[in-house]
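Scroll down for the structure; my scribbles are underneath it.
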Amino acid sequence: MTKNTIDDFYFFNFLKEEEKTRLKEISIKKFFNKDEILFYKGDEPKYLHLLLKGIAKLYTYDHKDNEVVIHNLMAPSLIAEIVNYEDLRFPANCTFETNAEVLLIDYEKFKNEFLLKPEVSMFFIKSLTRKIKALESFINYNVSSNSIEKIAKFLYDNESILINLKQVKIAQLLNITPETFSRKLAKLKKEKIIQNDKGYIKILDYAKLKSYMTE
Numbered sequence: 103m104t105k106n107t108i109d110d111f112y113f114f115n116f117l118k119e120e121e122k123t124r125l126k127e128i129s130i131k132k133f134f135n136k137d138e139i140l141f142y143k144g145d146e147p148k149y150l151h152l153l154l155k156g157i158a159k160l161y162t163y164d165h166k167d168n169e170v171v172i173h174n175l176m177a178p179s180l181i182a183e184i185v186n187y188e189d190l191r192f193p194a195n196c197t198f199e200t201n202a203e204v205l206l207i208d209y210e211k212f213k214n215e216f217l218l219k220p221e222v223s224m225f226f227i228k229s230l231t232r233k234i235k236a237l238e239s240f241i242n243y244n245v246s247s248n249s250i251e252k253i254a255k256f257l258y259d260n261e262s263i264l265i266n267l268k269q270v271k272i273a274q275l276l277n278i279t280p281e282t283f284s285r286k287l288a289k290l291k292k293e294k295i296i297q298n299d300k301g302y303i304k305i306l307d308y309a310k311l312k313s314y315m316t317e
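Heads up: take any position in the sequence shown, counting from 1, add 102, and you land on the working numbering.
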């Protein structure tokens, strides 16, 4: 763990300076390595978790002990804040796909000192609404789109994190078999839309890639 700074609270830029200073006093910044665990399913939430850098993964296991990814979160983002808000235990495990930085905010103090403020309550509502919309978009796109559309949309929308995600991970996120994913990437590469080097993908032609999102 390390000391945080006022700059770490840009996510709460709607607060007054003295409020951000108080938030700093009840928070700790912690660095995590790739694959390190933030919390386990069933844990009690003591902190409000704010992802400052990196990619977090919420996941559980099915009855056959297969990993089931529930959500991937990219910084900046709150992690599983509904658990804090509803006073629940974590319904899934959380680990990291990359090295990450997380602010651990003492939730009891945050609740007593900040949560009743209208702007903070609205902040929570907006954060939850964004996650619901992302989930709806994910479900709709997986139901109605073919594999090349799903791949094109993911690459286009998530270019900033492609350097951190290997091809096998993207295939898993999109629920596409590695074989199908590899064939579609080969097609995009042949058309000089992307290049892939050592398992990572780089976009070369944004216009052509976007055209596949509407076919």
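Note that the Cβ used here is the ideal one computed from N, Cα and C, for glycine as well.
From a predicted model like this one, the values you see are computed outputs, not experimental measurements.
Every unbroken alpha helix (DSSP H) inside the region 158-192 [4 residues or more]: Within the region 158-192, the alpha helix (DSSP H) runs of at least 4 residues that lie entirely inside it are, in chain order, 183-187.
DSSP state of Tyr258 mapped onto helix, strand, coil: Position 156 of the sequence shown holds residue 258. Tyr258: helix per DSSP, three-state reduction.
N-terminal and C-terminal residue of the alpha helix (DSSP H) that Phe113 is part of: In the sequence shown, counting from the first residue as 1, residue 113 sits at position 11. Phe113 -> no alpha helix (DSSP H), and no H or E assigned at all.
Beta-carbon contacts of Glu138 that lie in its chain and below 7 Å, excluding the five residues immediately before and after: Here the question's residue 138 lines up with position 36 in the sequence shown. For Glu138, the CB contacts under 7 Å within the same chain, skipping 5 residues up- and downstream, are Thr197, Phe198 in chain order.
For Leu276, the three-state DSSP class (helix, strand or coil): Position 174 of the sequence shown, counting from 1, holds the residue named residue 276. Correct three-state label for Leu276: coil.
Test item: CB-CB of Asn195 and Lys143 under 8 Å: Along the sequence shown, one-based indexing puts residue 195 at 93. Along the sequence shown, one-based indexing puts residue 143 at 41. It is a contact, given that the beta carbons lie within the stated cut-off.
Selected residue, minimal CA-CA separation from Phe283, among Ala273, Leu190, Val204, Tyr314: As a working note, residue 283 is residue 181 in the sequence shown. Selected option, being the one with the closest Cα: Ala273.
DSSP state of Glu293 mapped onto helix, strand, coil: The sequence position of residue 293 within the sequence shown is 191, counting from 1. Three-state result, Glu293: coil.
Among Leu160, Val170, Leu257, Asn266, nearest to Ile181 - alpha-carbon criterion: Taking the first residue of the sequence shown as position 1, residue 181 is located at position 79. Taking the Cα of Ile181 as reference, the smallest distance to any Cα among Leu160, Val170, Leu257, Asn266 is reached at Leu160.
Strand pairing of Val222, partner residues [DSSP]: Position 120 of the sequence shown holds residue 222. Note: Val222 sits in no beta bridge, so no partner.
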